Structure formats: structure tokens, C-alpha cells
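Written below as C-alpha cells is the structure these notes are about.
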Amino acid sequence: VEPFIDTSRWEYFDLSCKARDETRDRVLKDAVAAGSRVCAIFKEPTVTPTKEQMVEMGLLKPLGSPNGAMRRGWNGITISRDTIHIPGIELGFKRPVLFERHAVGGEYGAGWKKIGKGRVLTTFFPEDMEDKAIIVDARECKDARSAVVVYDNPLDNVEDLAHIFFTRCLEHSVVPYVVTKKTVFKWQEGFWQIMRQVFNESYKDQYLDAGLLDRTGGELQHLISDAATMQIIRWTDGGFGMACHNYDGDMLTDEVAQVHRSPGFITSNLTGKREDGTIIKEFEASHGTVADLWHAHLRGEETSMNPLGMVVALLGAMDHAAALEESSNAAVAQATRNFTSHCREAMFTAFREGRGTRDMVGPSGLTTEQFVD
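In short: position in the sequence shown from 1, add 177, done, that's our numbering.
Written as C-alpha cells, this is what we have:
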């Protein structure tokens with residue numbers, strides 16, 4: 178980025194396992210606080226260590242997912258995972274595929290305990306303690322070995338998710354679908370109802386005018402998650418978007434990544450909202466730490482890592498920062514957009530001309546360092 182862009186005001190936080198362990202996770206708390214203030218964040222891949230990795234790294238205690246802390250700290254609404262397209266190169270889907278994954282709720286925030294034979298009573302106590310408690314579930318556990326899992330699906334920000342999703346699908350001229358397993362998981366009905374209400378009240382006429390509901394009978398269509406897994410494989414022309422619960426979004430976007438060549442060609446952008454209504458956006462690559470290539474690098478072996486996902490994430494964060502700075506410093510905002518546009522096109526040109534990494538070019542492709550240079 179330097180010397181083309183002044184990065185002197187950028188803030189950096191080391192979220193490696195070692196730094197988090199040494200600071201008792203103070204560095205993660207500081208990063209979340211800074212993100213709430215700055216509102217434009219680029220995050221490199223991080224590790225949530227297993228028990229084996231804790232021992233290997235000499236960590237003092239288990240570390241939770243930094244992504245989870247960020248989603249909670251920034252009032253996460255949705256994680257947008259979209260296909261990345263290089264003009265002139267067909268990767269998997271011919272047209273854009275957009276995904277909104279609800280950023281809160283579900284299994285990721287679950288509480289659980291290993292249990293034996295006995296009884297389990299799940300009770301809800303209203304905020305107003307004068308209201309009567311409600312028994313959510315009561316069951317007998319007959320196995321000697323079992324696990325009880327408790328989680329909830331918050332719905333207060335689904336309207337925000339709906340507006341983000343339907344606005345983006347309209348901008349990209351893709352057909353929207355809402356995905357749940359509500360036929361079996363009855364508690365997911367509320368997600369669908371909210372999404373449909375927002376669509377009908379605020380977007381349906383625009384979609385009809387654009388012809389984007391021609392193949393869905395003029396209505397917003399719901400897909401059972403089982404059907405969505407099959408359609409993702411079949412609809413290789415792309416041109417569709419899906420909005421779904423947290424876990425479904427995680428699994429289905431992995432499938433999208435495989436159809437579209439690899440996780441390196443998928444974005445992963447968290448949208449949250451500050452208390453004053455300011456939108457917070459965090460951008461990262463969806464492919465994680467690519468541990469096998471990192472260990473090969475440590476062994477002194479040659480690697481060929483495609484950095485497209487990380488670069489697109491960084492440029493996305495810079496573009497959002499420029500949008501936030503537009504009113505106070507239009508010249509800097511425009512200079513930032515000029516840089517991100519040229520950098521993005523330079524990468525695309527390199528791939529088109531056969532000067533890419535080996536996942537794109539084959540054995541004659543460039544090494545990690547050669548591509549960066």
C-alpha cells in the first residue's frame with residue numbers, strides 16, 4: 178500500500194495466539210473497541226487453538242474465537258460471502274452469487290454440558306421478574322452418556338439483514354432466496370416471516386420492474402436448506418443470492434466456495450452497527466490461515482499462495498474507510514478509491530496474462546513471493 182497511500186493513521190493489533198495469551202486477551206478487547214471507533218476493519222486470518230495447539234504453543238488458557246468477540250462487540254448483523262470474479266476468467270459461477278449469513282445466534286453461541294441419566298428443564302425468566310417464568314422444554318435423558326445444548330436465535334436485527342440483502346441483490350441484478358429448515362425447525366419460521374415482510378413492503382415492486390422475480394412466480398421464494406445444497410451445484414450460471422441462519426450460511430458458503438474453485442475466491446465481510454447507527458464493516462478472506470502452506474514456508478519449502486481473497490478484503494476495508502471519510506476529506510477518499518481500483522485491476526490483469534499462482538496457472542505458476550513482487 179505504501180508509498181501510494183498514507184497509512185500513518187492506521188491502527189494495528191496483533192491477534193496471534195501468543196499475543197492474546199500474553200495480554201490475557203486485552204489485545205482482542207482493544208481491537209474490538211478500536212473497530213467500534215474506526216468502523217472500517219481489515220482482519221487477517223487468525224487461529225482459535227485446539228487443546229493440542231494450546232500445548233504446542235505453551236498457552237496458559239483456552240482462547241475463544243476472535244470472530245465471535247467481534248460479532249458480539251460490533252452488534253453483528255450479517256456476514257456477506259460473495260463470489261469474486263476476474264473479468265475474462267471463468268472460475269465456477271458465471272455471474273455473482275451473494276450470501277447473507279446471520280451473524281448472531283445458533284450453535285456458535287451455545288451453552289452445553291455432558292450429562293448422564295436424569296431430567297433436563299429449560300426455563301425462561303422474563304426481564305420483568307413479576308412476569309411468570311415459562312418452561313421452554315422438559316425432557317428425560319435415558320442415556321448414560323449425553324450432551325445438553327442450549328442456544329437462541331435473536332431476531333431483532335433481521336430487518337437490518339433483510340435491507341442489506343435485498344439492496345445488494347437488486348444492485349447486482351440477482352434473484353433473492355431465503356433459506357431455512359423451518360419445516361422441521363419450527364423456530365426458524367420467524368426469520369422467514371421477517372424477511373418476507375421487509376421484501377413485500379420495501380422491495381417487491383423494484384424487483385418486479387427489474388424482472389428478477391420472473392422465474393419465482395413474481396414472489397420472494399423460500400428454499401429448504403436441503404434444496405439449497407442441490408441448487409448451488411446446479412445453478413452454475415450464478416445470478417442468485419441466499420440469506421439464511423448462522424450455521425446454514427457457514428455450511429452453504431463452503432459449498433459455494435468449492436463450486437467457485439476455492440475459498441480463496443469468496444469474500445467474508447461482517448456488517449455491524451454502532452449505537453449511533455453508524456455502519457461497521459470488517460473484511461477478511463474466507464479461506465482461513467492456510468496452515469499447510471504456512472508450515473511448508475517454515476520448513477523453507479517453496480509455496481504458491483493465491484492472495485486474491487486477502488487483497489480483495491483489504492481493498493474493501495479501504496473503500497469503506499473512504500466512504501466514511503468522504504464528507505470530511507473528499508480528496509483523500511478519492512485518492513484511496515483510485516488506488517484500490519488500480520490495485521484490483523492490476524491483480525486481475527496478472528491472472529489474465531498467465532502471471533498467477535499455481536492454483537490458477539498450473540506448475541509453471543509463480544511462487545507466493547514472485548506474485549507479490
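We treat Cβ as the ideally placed atom computed from N, Cα and C, and that holds for glycine.
The structure displayed is predicted, hence computed values, not measured ones.
- Within the DSSP bridge table, the entry for Glu317 names Arg296 as partners.
- Here DSSP, grouped into helix, strand and coil, assigns Ala287 to coil.
- Within 10 angstroms of the beta-carbon of His472 lie fewer than 16 other beta-carbons, which makes it exposed.
- Counted as a single uninterrupted DSSP element, the beta strand (DSSP E) harbouring Ile456 occupies residues 456-462.
- Going by DSSP, Val356 is part of the beta strand (DSSP E) stretching over 352-357.
- When the alpha-carbon of Val538 is set against those of Asn483, Val297, Thr513, the nearest one is in Asn483.
- Setting aside the 5 residues that flank it on each side, Thr513 is surrounded in the same chain by Met495, Ala499, each with a C-beta closer than 6 Å to its C-beta; the list follows chain order.
- Three or more Cβ pairs closer than 8 Å define a contact, and the stretch 260-280 meets that threshold against the stretch 418-433.
- Between Thr534 and Thr480, the C-beta gap is not smaller than 7 Å, which leaves the two residues out of contact.
- Cys520 sits in a helix when the DSSP states are folded into three classes.
- In the structure shown, the three-state DSSP call for Thr255 is strand.
- Taking C-beta separations shorter than 6 Å and ignoring five residues to either side along the sequence, the partners of Pro222 in its chain run Gly465, Thr466, following chain order.
- DSSP, read as helix, strand or coil, puts His279 in strand.
- Contact between Lys291 and Ala324 holds: CB atoms are separated by about 5 Å, below the 8 Å threshold.
- Taking C-beta atoms as the reference points, Cys194 and Val224 count as a pair closer than 7 Å.
- The three-state secondary structure of Leu400, taken from DSSP, is strand.
- Taking 7 Å as the cut-off, the Cβ atoms of Pro226 and Leu237 do not count as close.
- For the set Phe368, Val488, Tyr384, the Cα lying nearest the Cα of His519 is the one of Val488.
- Bounds of the beta strand (DSSP E) holding Ser445 are 444-450.
- Per DSSP, reduced to three states, the secondary structure at Phe528 is helical.
- If you compare the alpha carbons of Asp207, Arg186, Trp187 with that of Ala196, the shortest gap goes to Asp207.
- Across the set Ile311, Arg296, Gly295, the C-alpha of Ile311 shows the shortest separation from the C-alpha of Phe302.
- Of the residues assessed, Tyr354 falls on the buried side of the cut-off, its CB having 16 or more other CB atoms within 10 angstroms.
- According to the DSSP assignment, Phe219 belongs to the beta strand (DSSP E) that extends over 217-219.
- Counting C-beta atoms within 10 angstroms of its own C-beta, Met306 has fewer than 16 neighbours from the protein chains shown and is therefore classed as exposed.
- Cβ neighbours of Gly212 within its own chain (closer than 8 Å, five residues either side excluded): Ile218, Met247, Gly250, Trp251, Ile457, Glu459.
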